[in-house]
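The sequence shown begins at 17 in our numbering and counts up one residue at a time.
C-beta: ideal position from N, C-alpha, C; glycine also.
These figures come from a predicted structure and were not determined experimentally.
Report on the structure given below.
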Amino acid sequence: MELITRTARLVPYAKRPKQVPSFVSAVVYELTADDPLSRLGSLFIIVEVLVSGRPGEDVGDTIINSFQTAYYDPAQGDNDSLTRFEFATKATNSALGELVNQGNASWIGKLSAVVAVQSDGELHLTHSGSSEAYLYRHGASTRITTSTGSRPTGPAKTFGLVASGLLEAGDHILMATPALVHQISLPKLHDVVSSTSPNTAIAELTELLKGSDASRIAALVIEVTTPELAALQVRTDQPSDVTLGAPDNPLEAAKLMAAPIAQATMATGLRAGRAARSGWDQTRPKIKQVSAMAAEASKSMWTGQRIARRALIGLAVLIVIAGGFVWHQSTTSANDKLLTQYQHDYQNYISATQITDPNSKRAALTAVQNDLISLTPRQTQLNRLLAKATLVSGAPKTSNLLLASVNSALNQLDGLVMVTPTTVANFTAFKGATPSFIEVNAGSVYAVDRANGTIYVVDLATNLVKKASVDTSKVGKVVATTLSSTGDGIYLLTAQPSVWFYKFNGNSLAQLSLGLSGWEPASAISSYAGNLYLLSGSQIEKHVRTSTGFSPGVAYLSGTTTVPNPSSLAVDGFVYLGGSDGLYQYLAGAATTSVPARSGLTNLARLRPTSASQLIGVDSSSSRIGVWSDATTLSFIGQYSLSGIKVLSDAVYDPTSKTYYASADGRIVSFQPSH
Numbered sequence: 017m018e019l020i021t022r023t024a025r026l027v028p029y030a031k032r033p034k035q036v037p038s039f040v041s042a043v044v045y046e047l048t049a050d051d052p053l054s055r056l057g058s059l060f061i062i063v064e065v066l067v068s069g070r071p072g073e074d075v076g077d078t079i080i081n082s083f084q085t086a087y088y089d090p091a092q093g094d095n096d097s098l099t100r101f102e103f104a105t106k107a108t109n110s111a112l113g114e115l116v117n118q119g120n121a122s123w124i125g126k127l128s129a130v131v132a133v134q135s136d137g138e139l140h141l142t143h144s145g146s147s148e149a150y151l152y153r154h155g156a157s158t159r160i161t162t163s164t165g166s167r168p169t170g171p172a173k174t175f176g177l178v179a180s181g182l183l184e185a186g187d188h189i190l191m192a193t194p195a196l197v198h199q200i201s202l203p204k205l206h207d208v209v210s211s212t213s214p215n216t217a218i219a220e221l222t223e224l225l226k227g228s229d230a231s232r233i234a235a236l237v238i239e240v241t242t243p244e245l246a247a248l249q250v251r252t253d254q255p256s257d258v259t260l261g262a263p264d265n266p267l268e269a270a271k272l273m274a275a276p277i278a279q280a281t282m283a284t285g286l287r288a289g290r291a292a293r294s295g296w297d298q299t300r301p302k303i304k305q306v307s308a309m310a311a312e313a314s315k316s317m318w319t320g321q322r323i324a325r326r327a328l329i330g331l332a333v334l335i336v337i338a339g340g341f342v343w344h345q346s347t348t349s350a351n352d353k354l355l356t357q358y359q360h361d362y363q364n365y366i367s368a369t370q371i372t373d374p375n376s377k378r379a380a381l382t383a384v385q386n387d388l389i390s391l392t393p394r395q396t397q398l399n400r401l402l403a404k405a406t407l408v409s410g411a412p413k414t415s416n417l418l419l420a421s422v423n424s425a426l427n428q429l430d431g432l433v434m435v436t437p438t439t440v441a442n443f444t445a446f447k448g449a450t451p452s453f454i455e456v457n458a459g460s461v462y463a464v465d466r467a468n469g470t471i472y473v474v475d476l477a478t479n480l481v482k483k484a485s486v487d488t489s490k491v492g493k494v495v496a497t498t499l500s501s502t503g504d505g506i507y508l509l510t511a512q513p514s515v516w517f518y519k520f521n522g523n524s525l526a527q528l529s530l531g532l533s534g535w536e537p538a539s540a541i542s543s544y545a546g547n548l549y550l551l552s553g554s555q556i557e558k559h560v561r562t563s564t565g566f567s568p569g570v571a572y573l574s575g576t577t578t579v580p581n582p583s584s585l586a587v588d589g590f591v592y593l594g595g596s597d598g599l600y601q602y603l604a605g606a607a608t609t610s611v612p613a614r615s616g617l618t619n620l621a622r623l624r625p626t627s628a629s630q631l632i633g634v635d636s637s638s639s640r641i642g643v644w645s646d647a648t649t650l651s652f653i654g655q656y657s658l659s660g661i662k663v664l665s666d667a668v669y670d671p672t673s674k675t676y677y678a679s680a681d682g683r684i685v686s687f688q689p690s691h
């Protein structure tokens, strides 16, 4: 599964390095998809140097530039992300050593920094000093920097140990300077960061910090997700970049352009490219030189110290006025383009709603959706312009309202209903529990831990959770589960491969034997008429129930399936296969019919029949539940998206209570159907 990140940034504002006692920065580097090195992922840096003026800035810039240049260095060829990150760590330590050799050594013992790389499903991290990094997953938080940050005794040891780990969709990461943790408690940070989007989290942190000294606070909030989930998530008008205490007027912006300064906090990304930063590095000395020459020239025209100061002030005013004019001209042109693009999107949306063919309509709406999403980085500015602009009748005054209308139209096409689930039970009393698969029977939900097969029983009358008293030490990783066709227990398919049976009556667990042949590796399991069906690659193996157990597998299909990427299996007399392009129905080993996949249901990881002549399927990549009817002919009914849920693992329908139960975010939730 491809993983990407969404990031929001919080930094302090400082006019001039000489006016602040420290250098504080948060930087994100991201490569565009067409970059040859895009496989290397994103680089995140938090740095605080408790040294004032240019020396502190030089240390911060050295860390930022060295990590970025060395990690993305094309000369490293096919080296993987970890090898590159270790190389970048050594290169940065070496560059810091050069600073010390040049006389800039006052920063030693006064540096806190954390640097991380996300490359698909991996995270590599190193840090120095007291900067913090936390991973939030399934309601729990883990500190991923060492518990006692060490101050380096020399530049060669500034960044030492590199820690690595695997990421999951739904993970949240916080990287921050020490001051943030000192001003906001860890439980509060957990609540804010783990339960919201990065933009919302940064907005909430900004509110919490109002009235506080934010000069030493920088933070990155990172959400790990998939391209599919990112496309489905609702966008807001909250910015992804917040500068605490920043001026919001052109005069200050012009001053910053005119003065020979370097801001202590800078935002950069490789969307502008490595060339963008190198261009700034090359330009900044020239700006300093021109400013200095101008000042000297003005001094030569006046006599006396007071007159010289007046000359400098007059020159600065001229530069500010000129800079302000350029700023206004470029801003006006950009604003016109932004408004034109928005109105073009609105007109295309209206045209798309008139299309009668569902596929053509979906394509047109999706194009508008993608274009509006591309405006997200400038959404705040666009909404300010829209508030003052004269628009055609009916056009929304904010871009997020138009995007919501587009999303709603797409949802109607795909039969999507948003529901707010109720929490039935959580597993906080069981340390490390990861309930993934669930089955429902006789007033109880049975949750099976993917990692080790531990079985938890949730009493739906009391919502109390207990662990089944069976030995699961030999079960290993569970791949799939299914309720037995007779309703007396649950089959557990494992990665060994093996099949286990948990019997409700008597609370027992036993491994099922298949003789010398053994069970074939499989990704899905279903039970019907006492027999077992296993999805093994592109074939379905049928195991017939015997007096001693089950027979060896016999190929059910007349040939290998042509279903692209088969991922799920269900049997109710007919056999159903879920693939990336739809749901397929078979009878007596031959295909009978199929229905095309809907948006959000292209990766069905779970598929199961209900006694209500329906099938339900779970797409964990989009956290949606699909519903199909098989009463007469196979047909699509609709789908559900669970509000507030990040990772949906499994779902079942209980026809007795007419309730859906789902395993999501490490808890059991429920909702009533509307389809």
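I'd like the list of long-range same chain contacts for residue i, defined as Cβ closer than 6 Å, with 5 residues on each side in sequence excluded.
i      : result
Lys662 : Gly186, Asp681
Ala647 : Ser629
Val570 : Lys558
Ala24  : Pro214, Asn215, Ile218, Val237, Ser256
Val591 : Tyr602
Ser690 : Val433
Ala107 : Ser82, Ala86
His344 : Annotation note: pLDDT 42 at His344 (below 50); position unreliable, coordinate value reported separately. So no residue of the chain qualifies.
Asp588 : Pro625
Can you name, in chain order, every residue of its own chain whose Cβ lies under 7 Å from the Cβ of residue i, other than the five neighbours on each side?
i      : result
Asn386 : none
Ser524 : Val486
Leu98  : His140, Ser180
Val44  : Thr23, Arg25, Ser58, Phe60, Leu236, Gly285
Ser627 : Pro671
Lys377 : Ala368, Ile371, Leu429
Gln92  : Arg100, Phe103
Ser673 : none
Who are the Cβ neighbours of residue i in its own chain at under 8 Å, not counting the five residues just before and after it?
i      : result
Ser686 : Pro437, Thr438, Val440, Thr675, Tyr676, Tyr677, Ala678
Leu418 : Tyr358, Asp361, Tyr362, Tyr365, Leu388, Ala411, Pro412
Would you list the residues sitting across from residue i in a DSSP beta bridge?
i      : result
Leu476 : Leu476 pairs with nothing; no bridge assigned.
Pro412 : According to DSSP, which records beta bridges pairwise, Pro412 is partnered with nothing at all.
His360 : Beta-bridge pairing links His360 to no other residue.
Glu223 : Its beta-bridge partners do not exist; DSSP assigns none.
Pro451 : Asp465
His143 : Val130
Lys483 : Tyr472
Gln630 : Ser645
Ala594 : Ala is not the amino acid found at residue 594; the sequence shown has Gly there. According to DSSP, which records beta bridges pairwise, Gly594 is partnered with Ser584, Leu599.
Tyr150 : Arg159, Leu190
Nearest to residue i by CA position, among the options, is which residue?
i      : options                        : result
Leu398 : Thr444, Ala350, Ile366, Ser424 : Ala350
Ala511 : Leu419, Val63, Leu551, Val43   : Leu551
Tyr507 : Ser529, Gly522, Ile541, Asn479 : Ile541
Phe8   : Ser38, Thr142, Ala467          : There is simply no residue 8 to check, as the chain begins at 17 and stops at 691 in what is shown.
Gly537 : Pro513, Asn521, Asn375         : According to the sequence shown, residue 537 is Pro rather than Gly. Among Pro513, Asn521, Asn375, the Cα nearest to that of Pro537 belongs to Pro513.
Leu402 : Arg614, Ala368, Ser673, Tyr362 : Tyr362
Asn427 : Ser58, Gly616, Gln254, Ile454  : Gly616
Val491 : Val668, Leu528, Leu245         : Leu528
Gln254 : Ser228, Ile233, Gly261, Glu220 : Glu220
Gly261 : Ala234, Glu244, Ser135         : Ala234
Thr78  : Leu620, Thr414, Leu127, Ala368 : Leu127
Ser554 : Phe566, Asp588, Leu593, Leu183 : Leu593
Gly76  : Leu47, Pro243, Ala129, Lys483  : Ala129
Less than 8 Å separating the beta-carbons of residue i and residue j?
i      : j      : result
Ala431 : Gln655 : As written in the sequence, residue 431 is Gly, which differs from the Ala given in the question. A contact, by the Cβ cut-off of 8 Å.
Leu650 : Leu623 : no
Leu603 : Trp644 : no
Ile218 : Thr21  : no
Ser231 : Thr193 : no
Leu224 : Val209 : no
Ser452 : Ser665 : yes
Ala545 : Ser501 : yes
Val133 : Leu59  : yes
Gly145 : Leu19  : no
Leu499 : Glu455 : yes
Pro612 : Gly595 : no
Arg466 : Val435 : no
Q: Count the C-beta pairs between the stretch 170 to 182 and the stretch 202 to 217 that are closer than 8 Å, then say yes if the count reaches three, no if not.
A: In short, these stretches do not touch, since the Cβ pair count stays below three.
Q. Looking at C-beta atoms only, is the number of pairs between the stretch 468 to 479 and the stretch 533 to 543 that lie closer than 8 Å three or more?
A. Touching, no, given that fewer than three Cβ pairs across the two stretches are closer than 8 Å.
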